[in-house]
Amino acid sequence: MKKIAVFTSGGDSPGMNACVRAVVRTGIYHNLDVYSIMYGYDGMIKGNIKKMQSHSVSNILQRGGTILKSARSEEFRTKEGRQKAFEELKKHGIDGLVAIGGDGTFTGAKIFFEEYGIPTVGCPGTIDNDIFGTDYTIGFDTAVNTALEAIDKIRDTAAAHDRIFFVEVMGRDSGYIAIECGIGGGAELVMVPETTTTIHDVVKSLKGLRKSKTSSIVVVAEGDEEGGAADIMEKVKSEFKGEDKEFKVTTLGHIQRGGSPTAKDRILGSRSGMAAVEGLINGKSNCMAGIINDQVVYTSFEDCITKNKPLKDEYLRLQELLSI
Numbered sequence: 003m004k005k006i007a008v009f010t011s012g013g014d015s016p017g018m019n020a021c022v023r024a025v026v027r028t029g030i031y032h033n034l035d036v037y038s039i040m041y042g043y044d045g046m047i048k049g050n051i052k053k054m055q056s057h058s059v060s061n062i063l064q065r066g067g068t069i070l071k072s073a074r075s076e077e078f079r080t081k082e083g084r085q086k087a088f089e090e091l092k093k094h095g096i097d098g099l100v101a102i103g104g105d106g107t108f109t110g111a112k113i114f115f116e117e118y119g120i121p122t123v124g125c126p127g128t129i130d131n132d133i134f135g136t137d138y139t140i141g142f143d144t145a146v147n148t149a150l151e152a153i154d155k156i157r158d159t160a161a162a163h164d165r166i167f168f169v170e171v172m173g174r175d176s177g178y179i180a181i182e183c184g185i186g187g188g189a190e191l192v193m194v195p196e197t198t199t200t201i202h203d204v205v206k207s208l209k210g211l212r213k214s215k216t217s218s219i220v221v222v223a224e225g226d227e228e229g230g231a232a233d234i235m236e237k238v239k240s241e242f243k244g245e246d247k248e249f250k251v252t253t254l255g256h257i258q259r260g261g262s263p264t265a266k267d268r269i270l271g272s273r274s275g276m277a278a279v280e281g282l283i284n285g286k287s288n289c290m291a292g293i294i295n296d297q298v299v300y301t302s303f304e305d306c307i308t309k310n311k312p313l314k315d316e317y318l319r320l321q322e323l324l325s326i
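If you count the sequence shown from 1, you need to add 2 to reach the working numbering.
This is the structure in structure tokens:
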């Protein structure tokens with residue numbers, strides 16, 4: 003292996019730049035030529051590929067987002083699109099790929115490897131922390147801390163006005179951000195896609211808490227089965243008719259994706275990037291480099307994509323126990 007290329011795909015997450023930096027410098031350390039692919043699979047198809055030097059990744063460790071950009075590519079979903087991507091890689095003599103992203107990125111990489119056999123190792127880049135094969139994903143810690151800072155501020159105004167706040171955080175299929183924010187922010191209730199919490203349960207809990215608390219915060223993962231925070235608030239509010247209680251909604255949205263990465267995400271991104279390159283050198287392929295119990299572990303893309311990563315039962319129990 004003489005030439006490798008790195009790209010980011012899917013939603014951006016803080017720490018991706020740290021991962022890109024590690025890939026480039028680890029590759030150069032091992033005497034490889036390292037190339038970047040701009041705009042993910044779309045850039046691969048269009049030949050948006052350029053050689054990187056060590057200085058190409060200077061001063062990016064602390065930056066959020068991704069300097070390599072990201073874009074959706076409907077064309078890559080087609081066999082013709084993947085053929086174009088393969089031809090562009092061969093034109094540049096690329097022997098291996100490092101794919102930084104989540105489920106969608108790894109699904110594309112798996113299909114591409116099966117069709118053309120270019121060795122690929124992935125790095126888990128998504129704020130949702132929903133990828134099997136790693137304890138944490140790049141960007142998750144920063145997203146939690148960003149949301150937690152907002153929740154702390156919301157707590158102040160909730161307490162000042164005796165309000166009930168419904169705070170929506172990201173997590174279409176995963177409640178990891180919600181549960182960690184709930185525990186860290188002292189939320190009275192957390193609603194996540196992995197467990198069923200009915201409107202009746204929410205109303206019963208909030209009415210029970212009124213005996214000891216004048217304000218409450220309910221953290222809602224955007225993918226909860228009862229709907230988003232605004233929908234849930236309206237349903238709950240209708241059960242409090244005639245009572246002097248004020249309800250508010252805050253949707254944190256994409257602020258959770260941005261910002262300077264925490265130390266944990268910078269280190270995780272760096273370790274993952276180094277492990278991906280050294281995995282390629284040592285013959286690893288069609289897999290992701292993750293960190294489990296503080297050790298580098300390589301997990302097949304098939305398992306990353308198909309296996310579920312459940313919430314920790316301890317976290318669910320801790321949230322329930324501490325919210326009384």
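Every residue, glycine too, gets a C-beta built ideally from N, C-alpha and C.
Fair warning: this is a prediction, and the values are worked out from it, not measured in the lab.
- Per the Cβ contact rule, the region 283-299 is not in contact with the region 162-178 (fewer than 3 Cβ pairs under 8 angstroms).
- Distances from the alpha-carbon of Phe78 to those of Glu182, Asp44, Ile269 and Ala162 put Asp44 closest.
- One thing to note: His163 has its Cβ no nearer than 8 angstroms to the Cβ of Glu280.
- If you draw a straight line from the Cα of Val221 to the Cα of Val205, it comes to about 14 angstroms.
- Looking at Thr198, Tyr41, Ala223 and Ile326, the one whose alpha-carbon comes closest to that of Ile102 is Tyr41.
- CA-CA distance, Glu190 to Arg165, rounds to 13 angstroms.
- Approximately 7 angstroms separates the beta-carbon atoms of Leu313 and Val194; this is inside 8 angstroms, confirming the contact.
- Here the region 109-117 makes no contact with the region 65-73; the two share fewer than three CB pairs at distances below 8 angstroms.
- Within the same chain, Cβ atoms closer than 7 angstroms to the Cβ of Gln321 are found at Ile181, Gly184, Ile185 and Val192, the five residues on either side in sequence being excluded.
- Nearest in C-alpha terms to Phe108, of all of Ile51, Gly13 and Lys213, is Gly13.
- Following the DSSP letters along the chain, one finds Glu170 inside the beta strand (DSSP E) bounded by residues Arg165 to Val171.
- Minimum Cα-Cα distance from Ser15 among the listed residues Glu224, Gly104, Asp305 and Val36 corresponds to Gly104.
- Comparing alpha-carbon positions, the option among Lys93, Ala291 and Ile326 lying closest to Ala278 turns out to be Ala291.
- Looking at Thr199, Ser58 and Gly124, the one whose alpha-carbon comes closest to that of Gly106 is Gly124.
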